[in-house]
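Student: Following my numbering, the numbering of the sequence shown begins with 138 at its first residue and continues without gaps.
Here a beta-carbon is modelled for each residue, glycine too, at the ideal position from N, C-alpha and C.
Keep in mind the model is a prediction, meaning the values are calculated, not measured.
Input: one structure, supplied below.
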Amino acid sequence: MHYIPINLIIGFLGAGKTTAIRHLLTQVPDGERWGVLVNEFGEVGIDGVLLEADGIAVQEVAGGCLCCVAASGLEAGLNRLIQDINPNRIIIEPSGLGHPAQIIENLMSQPFAQATDLQATIGLVDARHLSQTQYTEHTTFQDQVHLADVLIASKADLYNEKDHHAFEQFVRTLDPPKQHLATVEHGKLQTAWLNMSRSTQRRALFPEAHQFLQQQAHEHSHEHVHKQQGDWLKIENANDGYHSCGWIISKDKIFNTTRLITLLDKLSIDRVKGVVRTEKGWLAVNLTRSEREIRDIDPKSDSRLEMIHYQPVDWQVIDQELANV
138 MHYIPINLII GFLGAGKTTA IRHLLTQVPD GERWGVLVNE FGEVGIDGVL
188 LEADGIAVQE VAGGCLCCVA ASGLEAGLNR LIQDINPNRI IIEPSGLGHP
238 AQIIENLMSQ PFAQATDLQA TIGLVDARHL SQTQYTEHTT FQDQVHLADV
288 LIASKADLYN EKDHHAFEQF VRTLDPPKQH LATVEHGKLQ TAWLNMSRST
338 QRRALFPEAH QFLQQQAHEH SHEHVHKQQG DWLKIENAND GYHSCGWIIS
388 KDKIFNTTRL ITLLDKLSID RVKGVVRTEK GWLAVNLTRS EREIRDIDPK
438 SDSRLEMIHY QPVDWQVIDQ ELANV
């Protein structure tokens, strides 16, 4: 029987997962088809739009942790990928706030184990964050690192000597050791890392935290706020100590590029991702507190924006400012 190899590409918010996956998919062997299942914390899917614009076969599950808020989405998304393209490999990108333990457990159980072969989980870490307790003390961050078979320091082109040293010191504390350690620039993962074996010795350090997240997701999934005015949809979400707001905006709305970027820069939000129509054409926007990526894109969607922050935000004020850009 043919088993489809599956890899998880995991990492906390802003670790560079989508960029890494885009690079991996430029290396697909001739004659093979790979599919991607994307999960996002917010209710508005951005990563799927970005990957689809590159001609990649994508299934998307938005709205929290793939195994908590949308457990059925894992099975449904994988089934659609298998039926639609019969892929030679599937890559799963969980939310940056998604706990990978239950996803791994699900993939090792029926019905997934009948058709798939879970291989190495690739974990990405931005070493510039290793001095920030906002990241290192978060149980999801810790378990993402612990459950990764291969651990990669991403965005190394932005590191200084202190960041490299921090990563070297950090990995010395990890037990069991990783199958492979590396630093990469611009998301340049090697496909050979995907074929490394998955360790059965890795266990979540905080399984009780994951169980709490499942309960929390069940209790609060109804608290999402949906506001619609014509062709302008705003959706809020809060979970696991983080707060998000997403917008789906008709392509008839044309943003002013300069005013939009000026607004996004001044917000000091942890993470801003989007695909927006401007007077200069369609742009993909990816902003964190320390970096900015803006590039041309040819999407098959309306404009979309997603913002995630570790503290509550007055999204209504931002909504009003966006409407005037």
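1. Return the chain-ordered list of same chain residues with a C-beta closer than 8 Å to the C-beta of TRP419, the five sequence neighbours on each side being excluded.
2. Using DSSP with H/G/I as helix, E/B as strand and the rest coil, what is ILE146?
3. Within its chain, find whatever has a CB closer than 8 Å to the CB of ASP191; leave out the 5 residues flanking it on each side and keep chain order.
4. Mark ALA285 as exposed unless 16 or more other C-beta atoms lie within 10 angstroms of its C-beta, in which case mark it buried.
5. Please determine, among ARG339, GLY172, PHE392, THR320, the residue with the shortest C-alpha to C-alpha distance to TRP330.
6. Does DSSP put SER308 in a helix, a strand or coil?
7. Quick check: the segment 321-341 against the segment 398-406, are at least 3 beta-carbon pairs closer than 8 Å?
8. Taking buried to mean at least 16 other C-beta atoms within 10 Å of its own C-beta, is ASP451 buried or exposed?
9. For ILE222 and ALA194, which I take to be in contact (beta-carbon distance under 8 Å), what is that distance rounded to the nearest angstrom?
10. Quick one: residues in its chain with C-beta nearer than 6 Å to the C-beta of LEU318, no 5 flanking neighbours on either side, listed in chain order?
11. What is the DSSP secondary structure of PHE392, counted as helix, strand or coil?
12. Indicate the three-state DSSP secondary structure (helix, strand or coil) for ILE434 in the structure shown.
13. To the nearest angstrom, report how far apart PRO449 and GLY210 are at their CA atoms.
14. Given that a residue counts as buried once 16 or more other Cβ atoms are within 10 Å of its Cβ, and exposed if not, what is TYR140?
15. Quick one: is HIS239 buried, meaning 16 or more other Cβ sit within 10 Å of its Cβ, or exposed?
16. When you compare only the Cα positions, how much space is there between VAL186 and HIS283?
17. Which class does ASN225 belong to by DSSP, given the choice of helix, strand or coil?
18. Over what stretch of residues does the beta strand (DSSP E) that includes HIS380 continue unbroken?
19. Exposed or buried, which one is HIS275 when buried takes at least 16 other CB atoms within 10 Å?
20. Helix, strand or coil, according to DSSP, for VAL450 in the structure here?
21. To which residues does DSSP link SER440 through a beta bridge?
22. With a Cβ-Cβ cutoff of 7 Å, do ALA293 and GLU322 count as a contact?
23. Would you list the residues sitting across from THR253 in a DSSP beta bridge?
24. Please state the DSSP three-state secondary structure of GLU197.
25. Hey, out of GLN316, TRP369, GLY172, whose CA is closest to GLY214's CA?
26. Can TYR471 and LEU188 be called in contact, C-beta distance under 7 Å?
Tutor: Quick answer:
1. For TRP419, where only same-chain residues beyond five positions count, the Cβ hits under 8 Å are VAL412, VAL413, ASP433, ILE434, ASP435, PRO436.
2. Correct three-state label for ILE146: strand.
3. ARG159, LEU162
4. buried
5. Answer by Cα proximity: THR320.
6. In the sequence under discussion, the amino acid at residue 308 is Val, which differs from the Ser named in the question. VAL308: helix per DSSP, three-state reduction.
7. By the Cβ rule, the segment 398-406 does not count as touching the segment 321-341, because fewer than three pairs are nearer than 8 Å.
8. Exposed, since its Cβ has fewer than 16 Cβ neighbours within 10 Å.
9. 5 Å
10. LEU288, VAL308
11. strand
12. coil
13. 28 Å
14. By the C-beta density criterion, TYR140 is exposed, having fewer than 16 other C-beta atoms within 10 angstroms.
15. Here residue 239 turns out to be Gln, not His, going by the sequence shown. Result: buried.
16. 30 Å
17. coil
18. 379-386
19. Label assigned to HIS275: buried.
20. coil
21. The partner list for SER440 (beta bridge, DSSP) reads ILE386.
22. yes
23. ILE141
24. In this structure, GLU197 counts as strand in the three-state DSSP scheme.
25. Out of GLN316, TRP369, GLY172, GLY172 has the C-alpha closest to the C-alpha of GLY214.
26. The structure shown does not extend to residue 471, since the chain is modelled only from 138 through 462, so no value can be given for it.
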